[in-house]
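Q: The sequence shown begins at 2 in my numbering and counts up one residue at a time.
I'd like to ask some things about the structure below.
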Amino acid sequence: MTVFPRQLMRLKREATNFTHVTSFSAVGFRSIQRFFKSSVFLVMGLFVITAVARPLSAQPPITVQSDTLDDSGYPRRVTFRLDVDAPAEITQATLHYDVSKVSCLDGGATVPVTIEGDNLQWTWEMVRSGNPPPGTAVTWSWTLTDADGHTLTTPPQTHTFTDIRYNWRTVEADNLKLHWYEGNVGPTLLNAAVDGLERLENEMGIELQAEVNLFIYGDTADMRDAVLYIQDWAGGVAFSEYNVILMGIPPSLANTWGQDVVPHELAHLVVAQYGRSCVGGSRPNWLEEGLAVYAEGDPSPEIRADIERGLANNSFEPLRSLNGAFSAHGTEAGIAYSQSYSTVAYLLETYGREPLQQLILTLAEGKSTDAALEEVYGFNVDGLELAWRAHLGLPARDIPPTPTPINPAAIPTIVPEGLPASLPTPPSAAATAVPLTNTPAANPGICNVGLIPLLLVGLFFARRRRI
Numbered sequence: 002m003t004v005f006p007r008q009l010m011r012l013k014r015e016a017t018n019f020t021h022v023t024s025f026s027a028v029g030f031r032s033i034q035r036f037f038k039s040s041v042f043l044v045m046g047l048f049v050i051t052a053v054a055r056p057l058s059a060q061p062p063i064t065v066q067s068d069t070l071d072d073s074g075y076p077r078r079v080t081f082r083l084d085v086d087a088p089a090e091i092t093q094a095t096l097h098y099d100v101s102k103v104s105c106l107d108g109g110a111t112v113p114v115t116i117e118g119d120n121l122q123w124t125w126e127m128v129r130s131g132n133p134p135p136g137t138a139v140t141w142s143w144t145l146t147d148a149d150g151h152t153l154t155t156p157p158q159t160h161t162f163t164d165i166r167y168n169w170r171t172v173e174a175d176n177l178k179l180h181w182y183e184g185n186v187g188p189t190l191l192n193a194a195v196d197g198l199e200r201l202e203n204e205m206g207i208e209l210q211a212e213v214n215l216f217i218y219g220d221t222a223d224m225r226d227a228v229l230y231i232q233d234w235a236g237g238v239a240f241s242e243y244n245v246i247l248m249g250i251p252p253s254l255a256n257t258w259g260q261d262v263v264p265h266e267l268a269h270l271v272v273a274q275y276g277r278s279c280v281g282g283s284r285p286n287w288l289e290e291g292l293a294v295y296a297e298g299d300p301s302p303e304i305r306a307d308i309e310r311g312l313a314n315n316s317f318e319p320l321r322s323l324n325g326a327f328s329a330h331g332t333e334a335g336i337a338y339s340q341s342y343s344t345v346a347y348l349l350e351t352y353g354r355e356p357l358q359q360l361i362l363t364l365a366e367g368k369s370t371d372a373a374l375e376e377v378y379g380f381n382v383d384g385l386e387l388a389w390r391a392h393l394g395l396p397a398r399d400i401p402p403t404p405t406p407i408n409p410a411a412i413p414t415i416v417p418e419g420l421p422a423s424l425p426t427p428p429s430a431a432a433t434a435v436p437l438t439n440t441p442a443a444n445p446g447i448c449n450v451g452l453i454p455l456l457l458v459g460l461f462f463a464r465r466r467r468i
């Protein structure tokens, strides 16, 4: 074949171009090999670091060993205790606790706790505030923070306060639980309570709305030792906000006095449930005690004698004076109870139970006794007294035209002051919580994986620039 000079020159140029292309392809392939080898080692290193870092940071920093309540000092004090295992120093600890009571506001108290190592405790000194009665449940939880920023809130624990001086026995009926420890009075007194509830429902239309616990002590001295700051003369107290009643009834009096005091105190609590108020409403004492005596059943010989004496001597007290607390003198107090019973009996027998129910509910709205009576019956306290006296055949009493009102006293039940305002049988106070996992600080381990694509891209362009 004959090759002309021009063709020869073109063949040389093509051969030269082919050599350059071949040389660039070889160099580029070796660069890509080195790039991927470096990338593989980099990725493997990052995953090794991540695998080591993640298990270390995922260990729970705070573990609960025990969470208990010591009530051996009840009713004067109880102590909350928490034992934890915390690798880092605990820097902050608070205790939140609440008691089971009926309240119009969200209750509970939160207190800071002094930190002394991994063993935390706080004592509730009830001598400063009064104690909730036996049968009241308390619920609590702890919140801890350590030096690394981890936070732990323990699950709620619940414990029911009990008078541990005695071995209690229990009988139940409907929403009533009666506890006693001396003699065989439980069934007898429970029957008295059930009879009282039936009278309240049948004759007044007022029903029990929540479970009630009744604690029967062998005498009033034992009962008074269970509650701080109780009156020396008290033989029974109804804690309406806790649905708890305490009574001191010797076994020898269970079939006499016990048959009256059990339905009497239970009536206080049932009426309190029915007419509960969140706006400051209250009932006059003559209504409160009159309803309770009425719930006892047929009037006792003492009540009949008081009423007969008052009729014979025209010696009844002005009804308005019975709005507030009764006299502490035994004889005068007895007459006040009897007069209150007679007044309530007059309202029920003359007007029926529906207006009486409405009176209780109207008082719960915060209206005064005069205003509530006028709205329901059409007369005030003085008008009621005049109508009641006429019903008994007594002459009208001269009533001042502008009497000084006496504010009704609180319902005669004992409610300890200063307690925090929030049941199934709670677990034992000595129960040990299972180890808990908590909220750890931010874990940087897995977040490193997100850097891998950026590193690969950066390494590729760096290699290419060198090429």
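Glycine is no exception: its CB is placed at the ideal position from the N, C-alpha and C atoms.
Bear in mind that the values here come from a model prediction, so they are computed numbers and not experimental data.
Express the C-alpha separation of D84 and D1 in angstroms, rounding to a whole number.
A: Absent from the structure is residue 1, since the part of the chain shown begins at 2 and ends at 468.
Q: From this set, I116, K368, S369, R77, which residue's C-alpha is nearest R129's C-alpha?
A: In the sequence shown, residue 129 corresponds to position 128, counting from 1. Nearest C-alpha to R129: R77.
Q: For the alpha helix (DSSP H) containing Y352, name the first residue and the last one.
A: Translated into positions along the sequence shown, residue 352 becomes position 351. Y352 -> alpha helix (DSSP H) spans 331–352.
Q: Tell me whether the beta-carbon of F216 lies closer than 8 Å to the beta-carbon of L177.
A: Your numbering for residue 216 matches position 215 in the sequence shown. Your numbering for residue 177 matches position 176 in the sequence shown. By the CB criterion at 8 Å, F216 and L177 fall outside the cutoff.
Q: Using 10 angstroms around the beta-carbon of T69, count the other beta-carbons present and answer buried if the total reaches 16, otherwise exposed.
A: Indexing the sequence shown from 1 puts residue 69 at position 68. Answer is buried; the Cβ neighbour count reaches 16.
Q: Given this structure, state the Cα-to-Cα distance separating N381 from L393, to the nearest angstrom.
A: Locating residue 381 in the sequence shown gives position 380, where the first residue counts as 1. Locating residue 393 in the sequence shown gives position 392, where the first residue counts as 1. Cα-Cα distance, rounded: 19 Å.
Q: Nearest CA to the CA of P134: which residue from T140, L229, E183?
A: Here residue 134 refers to the residue found at position 133 of the sequence shown. Comparing Cα positions, the closest option is L229.
Q: Taking the alpha carbon of A331 as the reference point, which residue from N324, T344, D307 has its own alpha carbon closest?
A: One-based indexing of the sequence shown puts residue 331 at position 330. Going by the sequence as given, residue 331 is Gly instead of Ala. Closest by alpha carbon: D307.
Q: Hey, how far is the Cα of G325 from the Cα of P285?
A: If you number the sequence shown from 1, residue 325 lands on position 324. If you number the sequence shown from 1, residue 285 lands on position 284. Cα to Cα, the separation comes out at about 6 Å.
Q: How far does the beta strand (DSSP E) with D84 in it extend, from its first residue to its last?
A: Stepping through the sequence shown from its first residue, residue 84 is reached at position 83. Here the beta strand (DSSP E) through D84 covers 78–86.
Q: On a Cα-Cα basis, can you pick out the residue from E297, Q358, D261 that is closest to V272?
A: In the sequence shown, residue 272 corresponds to position 271, counting from 1. Looking at the Cα atoms, Q358 is the closest of the given residues.
Q: Please go through the same chain and pick out, in chain order, the residues whose beta-carbon is closer than 7 Å to the beta-carbon of L191, but skip the five residues on each side of it.
A: If you number the sequence shown from 1, residue 191 lands on position 190. Correct list, in chain order: V172, A174, L177, L179.
Q: Look at the Cβ atom of P264, then the Cβ atom of A296, and state whether they are nearer than 8 Å.
A: Walking along the sequence shown from the start, residue 264 turns up at place 263. Walking along the sequence shown from the start, residue 296 turns up at place 295. For P264 and A296, yes; Cβs fall inside 8 Å.
Q: Tell me whether the region 336–347 and the region 366–377 touch, counting them as touching only if at least three CB pairs, one residue from each stretch, are closer than 8 Å.
A: no
Q: Straight-line CA distance for C105 to A397?
A: One-based indexing of the sequence shown puts residue 105 at position 104. One-based indexing of the sequence shown puts residue 397 at position 396. Looking at the two C-alpha atoms, the distance is approximately 43 Å.
Q: Run the CB neighbour count on E126, radius 10 Å, all protein chains shown included, and call it buried at 16 or more, exposed below.
A: On the sequence shown, residue 126 is found 125 positions in, with the first residue counted as 1. With fewer than 16 Cβ atoms within 10 Å of its Cβ, E126 is classed as exposed.
Q: Please report the residue range of the alpha helix (DSSP H) in which L395 lies.
A: Residue 395 sits at position 394 when you count from the first residue of the sequence shown. It is not in any alpha helix (DSSP H) - L395 carries neither H nor E in the DSSP assignment.
Q: I'd like to confirm the pairing. Which residues does DSSP put opposite G237 in its beta bridges?
A: Within the sequence shown, residue 237 is the residue found at index 236, counting from 1. Partner(s): M248.
Q: Is it buried or exposed for S101, if we count other Cβ within 10 angstroms and need 16 for buried?
A: Locating residue 101 in the sequence shown gives position 100, where the first residue counts as 1. Flag for S101 reads buried.
Q: Check each candidate in N315, W234, T115 and name the one with the smallest Cα separation from R82.
A: Along the sequence shown, read from residue 1 onward, the residue named residue 82 stands at position 81. Of the listed residues, the one whose Cα sits closest to R82 is T115.
Q: Can you tell me which of D86, N256, P252, L96 puts its alpha carbon nearest to the alpha carbon of Y182?
A: As a working note, residue 182 is residue 181 in the sequence shown. Ranking D86, N256, P252, L96 by Cα distance to Y182 puts P252 first.
Q: Label R310 either buried or exposed according to how many other C-beta atoms from any shown protein chain fall within 10 Å of its C-beta, with 16 as the threshold for buried.
A: Stepping through the sequence shown from its first residue, residue 310 is reached at position 309. Exposed is the label assigned to R310, since fewer than 16 other Cβ atoms lie within 10 Å of its Cβ.
Q: Once the 5 residues before and after V169 are set aside, which same chain residues still bring their CB inside 6 Å of it?
A: In the sequence shown, residue 169 corresponds to position 168, counting from 1. Looking at the sequence itself, residue 169 is Trp, so the reference to Val does not match. The residues are H180, Y182.
Q: Specify, as a first and last residue, the run of the beta strand (DSSP E) that N120 falls within.
A: Along the sequence shown, read from residue 1 onward, the residue named residue 120 stands at position 119. Counting along the chain, the beta strand (DSSP E) containing N120 begins and ends at 120–126.
Q: Any idea which residues DSSP pairs S142 with across the strands?
A: Here residue 142 refers to the residue found at position 141 when the sequence shown is read from its first residue. In the DSSP output, where bridge partners are listed per residue, S142 has H97.
Q: Would you kindly work out how many angstroms separate the C-alpha atoms of T140 and N244, rounded to a whole number?
A: As a working note, residue 140 is residue 139 in the sequence shown. As a working note, residue 244 is residue 243 in the sequence shown. Going from the Cα of T140 to the Cα of N244 covers about 17 Å.
Q: Taking G384 as the reference, which of T152, L267, L292, P319 has the closest Cα?
A: Numbered from its first residue, the sequence shown carries residue 384 at position 383. Ranking the options by Cα distance to G384, first place goes to P319.
Q: Less than 8 Å between the beta carbons of D149 and A227, yes or no?
A: Numbered from its first residue, the sequence shown carries residue 149 at position 148. Numbered from its first residue, the sequence shown carries residue 227 at position 226. No, the pair does not count as a contact, with Cβ atoms beyond the cut-off.
Q: In terms of residues, what are the limits of the alpha helix (DSSP H) holding I308?
A: For the purposes of this step, residue 308 is taken as the residue at position 307 of the sequence shown. Taken as a continuous stretch (DSSP letters only), the alpha helix (DSSP H) holding I308 covers 302–314.
Q: Going by C-alpha distance, which of L96, I400, V79, D86 is nearest P62?
A: The count along the sequence shown starts at 1 and reaches residue 62 at position 61. Comparing Cα-Cα distances from P62 to each of L96, I400, V79, D86, the minimum goes to D86.
Q: What does the alpha-carbon distance come out to for the pair Y75 and S283?
A: As a working note, residue 75 is residue 74 in the sequence shown. As a working note, residue 283 is residue 282 in the sequence shown. Approximately 31 Å, taken between the alpha carbons.
Q: State the Cα-Cα distance for the pair G108 and Y98, rounded to the nearest angstrom.
A: In the sequence shown, the residue the question calls residue 108 occupies position 107. In the sequence shown, the residue the question calls residue 98 occupies position 97. So the two alpha carbons sit approximately 9 Å from each other.
Q: Go through its chain and collect everything with a Cβ distance to E208's Cβ below 6 Å, but skip five positions before and after it.
A: Position 207 of the sequence shown holds residue 208. Excluding sequence neighbours, E208 sits near E202.
Q: Taking Cβ positions, are V96 and W123 nearer each other than 8 Å?
A: The residue you call residue 96 lines up with position 95 of the sequence shown. The residue you call residue 123 lines up with position 122 of the sequence shown. What sits at residue 96 in the sequence shown is Leu, not Val. Yes.
Q: For G259, which residues from the same chain have a beta carbon less than 6 Å from its beta carbon, with the 5 sequence-adjacent residues on both sides left out?
A: By 1-based counting over the sequence shown, the position of residue 259 is 258. These residues qualify, in order along the chain: L190, I250.
Q: Taking the alpha carbon of L198 as the reference point, which residue from A388, L270, E333 has its own alpha carbon closest?
A: In the sequence shown, counting from the first residue as 1, residue 198 sits at position 197. The candidate whose alpha carbon is nearest that of L198 is L270.
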